[in-house]
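Reading through the structure tokens given below for one structure.
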Amino acid sequence: MSRKIAIYPGSFDPLTNGHVDLIDRVSKLSVFDELIVAIGINPTKPPRFSLEERIEMLEAVTQPYPHVTIDQYSGLTAQYAQEHGGAAIIRGLREFSDFEYEFQTALMNRQIAPQVDTLFMMPNIRYAHLSSTLVVQVAEMGGGSISDEKLLEMVPPVVVKMLRKKYGSSES
Ligand code: ADP
Numbered sequence: 002m003s004r005k006i007a008i009y010p011g012s013f014d015p016l017t018n019g020h021v022d023l024i025d026r027v028s029k030l031s032v033f034d035e036l037i038v039a040i041g042i043n044p045t046k047p048p049r050f051s052l053e054e055r056i057e058m059l060e061a062v063t064q065p066y067p068h069v070t071i072d073q074y075s076g077l078t079a080q081y082a083q084e085h086g087g088a089a090i091i092r093g094l095r096e097f098s099d100f101e102y103e104f105q106t107a108l109m110n111r112q113i114a115p116q117v118d119t120l121f122m123m124p125n126i127r128y129a130h131l132s133s134t135l136v137v138q139v140a141e142m143g144g145g146s147i148s149d150e151k152l153l154e155m156v157p158p159v160v161v162k163m164l165r166k167k168y169g170s171s172e173s
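Structure, rendered in structure tokens:
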């Protein structure tokens, strides 16, 4: 039987606990033999964290998951998934506001790559409001006054370090 591969695409700019929660949930499903977390490169949208930094974040948190690999791609997600033998694209649904865009994208992806399905997963309610943009706003505007404990509610330790480096530390 062929290996079942899931693709989890995203910007991960930066990685949050919501992303990690999804990776953990997909892993526990035991449906897939392999999960490829694929960093999408969008040439029209300069990232806050470099590709290397985002790979470093993902590698640090996915160490306990032997079946997870990290990759990068540019172009269409559906094409990438098809080329890599993906049976499913994993997407997260946080709030209602995610739904319309995700629904349209999933149907478009199906048109492009009919063999690849989209699997939606909901995070733990603790992370349902969390986005990379919000995290950066908090780190940037909160600067020194926001504690590591607060940031750790939002992002993994490796990302706290990188946020501090970029936007200032509690000591500065
Ligand atoms: P994109 O630009 O592709 O939306 P993101 O890195 O923002 O990239 O998100 C990647 C995927 O992870 C998306 O499916 C998004 O819905 C999901 N995601 C982002 N944040 C969360 C969260 N807090 N909980 C669950 N899923 C999330």
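Using my numbering, the letters of the sequence shown map in sequence onto residues 2 to 173.
Don't be surprised by glycine CBs; every beta carbon is placed ideally from N, CA and C.
Note that the structure is predicted; figures quoted are calculated from it, not measured.
Inter-residue Cα distance where the pair is residue 101 and residue 149: The count along the sequence shown starts at 1 and reaches residue 101 at position 100. The count along the sequence shown starts at 1 and reaches residue 149 at position 148. Here the alpha carbons of residue 149 and residue 101 stand approximately 34 Å from one another.
In three-state terms, what does DSSP make of residue 148? For the purposes of this step, residue 148 is taken as residue 147 along the sequence shown, with counting starting at 1. Three-state result, residue 148: coil.
Comparing C-alpha positions only, which one of 36, 145, 10, 27 sits nearest to residue 42? In the sequence shown, the residue the question calls residue 42 occupies position 41. Closest option to residue 42, Cα to Cα, is 10.
Residue 35 to residue 66, Cα distance in whole Å? Along the sequence shown, one-based indexing puts residue 35 at 34. Along the sequence shown, one-based indexing puts residue 66 at 65. Rounded to the nearest angstrom, the two C-alpha atoms are 10 Å apart.
State the Cα-Cα distance for the pair residue 22 and residue 93, rounded to the nearest angstrom. For the purposes of this step, residue 22 is identified with residue 21 of the sequence shown, where counting begins at 1. For the purposes of this step, residue 93 is identified with residue 92 of the sequence shown, where counting begins at 1. A direct Cα-to-Cα measurement between residue 22 and residue 93 gives close to 10 Å.
Looking at the structure shown, is residue 16 part of a helix, part of a strand, or coil, going by DSSP? In the sequence shown, residue 16 corresponds to position 15, counting from 1. Three-state result, residue 16: coil.
So which of 127, 85, 124 has the shortest CA-CA distance to residue 5? Taking the first residue of the sequence shown as 1, we reach residue 5 at position 4. The option with the nearest alpha carbon to residue 5 is 85.
Which stretch, first to last residue, makes up the beta strand (DSSP E) that contains residue 10? Sequence index remark: in the sequence shown, residue 10 carries index 9 (1-based). Looking at the DSSP string, the run of the beta strand (DSSP E) that includes residue 10 is 6 to 11.
Reducing DSSP to helix, strand and coil, say where residue 107 ends up. Here residue 107 is taken as the residue at index 106 of the sequence shown, counted from 1. Three-state result, residue 107: helix.
Using a threshold of 6 Å, is the CB atom of residue 92 nearer than that to any non-hydrogen atom of the ligand ADP? Taking the first residue of the sequence shown as 1, we reach residue 92 at position 91. Yes - the ligand ADP has a heavy atom lying nearer than 6 Å to the Cβ of residue 92.
Taking just the CA atoms, how far does residue 25 sit from residue 111? Indexing the sequence shown from 1 puts residue 111 at position 110. Indexing the sequence shown from 1 puts residue 25 at position 24. Their Cα atoms are separated by approximately 25 Å.
Neighbour-count burial assignment, residue 97, 16 or more Cβ in a 10 Å radius: Your numbering for residue 97 matches position 96 in the sequence shown. Exposed, since its Cβ has fewer than 16 Cβ neighbours within 10 Å.
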